[in-house]
Structures are given as C-alpha cells and as structure tokens.
Amino acid sequence: MPRRPAARIYFYASALLLLAFVVVFNAANLIEAYGSGAPYYSRTVNMDKWVDPLPLLALVDALTVLLLFATVRMLRRKP
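For the sequence shown, my numbering gives the first residue as 42, with consecutive numbering after it.
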C-alpha cells in the first residue's frame with residue numbers, strides 16, 4: 042500500500058463508504074421484508090413467492106467484513 046497519508050485516508054474513507062452502503066442495503070431489505078403495518082391485499086397476494094432475505098444479507102455482510110478486514114490489515118502492516 043502507498044505510504045502517502047492522502048492515499049491512506051482515501052482507503053479508510055472508501056471503507057467507511059462501503060460500510061455505509063451495506064448498512065443502507067440491509068436496512069432497506071429488512072424494512073421491505075418485515076416492514077410494519079397490517080397485512081393487506083397487496084402484501085398477502087404473493088406470499089407463496091416470498092423469499093427470506095436473511096441468507097443473502099448474511100452473505101453480503103460476511104463478504105463486506107472480510108473485505109474491510111483485509112483492507113485495514115493491509116493498511117496497518119509495516120512496510
């Protein structure tokens with residue numbers, strides 16, 4: 042990794058931005074799947090096609106954690 046402080050700041054900012062996108066992605070999917078409100082016609086008409094979003098969200102979260110861990114580890118190692 043570059044030793045320049047600007048590049049290091051850029052990589053940390055990119056990691057934080059990725060984390061923010063994943064949090065928004067998770068929140069949007071969980072609100073869509075388990076949102077509040079009583080069930081009404083448009084929500085219950087296709088219940089046989091409903092898919093639990095948790096496995097996909099767990100996969101996205103695991104990949105994000107691995108990517109962030111690798112990035113931080115690479116930035117913190119001594120050259």
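For glycine and all other residues, C-beta sits at the position ideal for the given N, C-alpha and C. Computed from a predicted structure; not experimentally measured.
For residue i, collect the residues of the same chain with a Cβ closer than 8 Å to its Cβ; drop the 5 residues on either side in sequence, then sort them by chain order.
i: A111; result: none
i: L14; result: Here the chain comprises residues numbered 42 to 120, so residue 14 is not present and cannot be evaluated.
Is residue j closer than 8 Å to residue i when the C-beta atoms are compared?
i: V65; j: T105; result: no
i: L60; j: L116; result: no
Does DSSP put residue i in a helix, a strand or coil?
i: P94; result: coil
i: R118; result: coil
Mind checking which residues open and close the alpha helix (DSSP H) that includes residue i?
i: N67; result: P46 to Y75
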